[in-house]
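Only one structure is covered here, and it is reproduced in the block below.
Residue numbers (the working numbering): 13 to 157.
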């Protein structure tokens with residue numbers, strides 16, 4: 013998985029379409045199932061929240077978006093995405109078992125009902141994807157200032 017660089021003050025361009033797409037991609041990749049429950053519900057609610065958020069109202073190269081710092085993007089994702097009830101439910105095991113589970117390189121994968129999506133990892137991966145997307149745009153000549 014990509015990692016966010018140490019440059020926390022860097023401003024990156026974030027497209028609403030790309031942000032929703034990255035959320036979908038990472039939710040599927042991190043899910044113990046083929047598709048997380050209520051993915052479409054979460055993505056529609058996330059899109060509605062982003063559309064109403066002032067930072068993302070600037071028309072740009074990839075549709076509406078805006079420039080943000082990495083900490084701001086993390087805060088926005090936590091406030092707008094992780095507070096959607098169906099998204100928050102991804103962080104719970106379906107079998108409701110509490111406590112840690114042990115997995116090693118030699119153990120069988122956990123049963124899907126005993127696994128969950130780590131929402132902190134979801135946010136971090138979305139931010140990392142947006143950094144990579146911004147670098148791709150800069151490589152073809154768009155600036156973020």
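A virtual CB, placed ideally from N, CA and C, is assigned to each residue, including glycine. This structure is a prediction, so every number in the text was calculated from the model and none was measured.
Distance, residue j Cα to residue i Cα
{"i": "residue 101", "j": "residue 78", "result": "29 Å"}
{"i": "residue 146", "j": "residue 119", "result": "39 Å"}
{"i": "residue 26", "j": "residue 140", "result": "11 Å"}
{"i": "residue 76", "j": "residue 63", "result": "9 Å"}
{"i": "residue 121", "j": "residue 36", "result": "23 Å"}
{"i": "residue 98", "j": "residue 68", "result": "23 Å"}
{"i": "residue 127", "j": "residue 22", "result": "34 Å"}
{"i": "residue 155", "j": "residue 70", "result": "A caution first: residue 155 carries a pLDDT of 48, below 50, which makes its placement in the model unreliable, though a value can still be read off. So the alpha carbons of these two residues sit roughly 14 Å apart."}
{"i": "residue 50", "j": "residue 90", "result": "18 Å"}
{"i": "residue 105", "j": "residue 131", "result": "13 Å"}
{"i": "residue 52", "j": "residue 117", "result": "33 Å"}
{"i": "residue 87", "j": "residue 54", "result": "18 Å"}
{"i": "residue 14", "j": "residue 66", "result": "Residue placement at residue 14 cannot be trusted, given a pLDDT of 46 that sits under 50; what the coordinates show is reported in the next sentence. Cα to Cα, the separation comes out at about 28 Å."}
{"i": "residue 24", "j": "residue 133", "result": "20 Å"}
Beta-carbon proximity of residue i to residue j, cut-off 9 Å
{"i": "residue 39", "j": "residue 96", "result": "no"}
{"i": "residue 135", "j": "residue 93", "result": "yes"}
{"i": "residue 137", "j": "residue 41", "result": "yes"}
Start and end residues, alpha helix (DSSP H) containing residue i
{"i": "residue 32", "result": "28 to 42"}
{"i": "residue 48", "result": "Note, residue 48: premise wrong, no alpha helix (DSSP H); not H, not E."}
In DSSP terms, what residue i is bridged to
{"i": "residue 80", "result": "24"}
{"i": "residue 121", "result": "Bridge partners of residue 121: none, in fact."}
{"i": "residue 71", "result": "76"}
### Task
Count the CB pairs spanning the stretch 80 to 87 and the stretch 41 to 61 that are closer than 8 Å, and state whether there are at least three.
Contact between the stretch 80 to 87 and the stretch 41 to 61 is absent, with fewer than three C-beta pairs closer than 8 Å.
### Task
Indicate whether the contact test is met: 3 or more Cβ pairs, each with one atom in the stretch 21 to 34 and one in the stretch 59 to 73, closer than 8 Å.
yes
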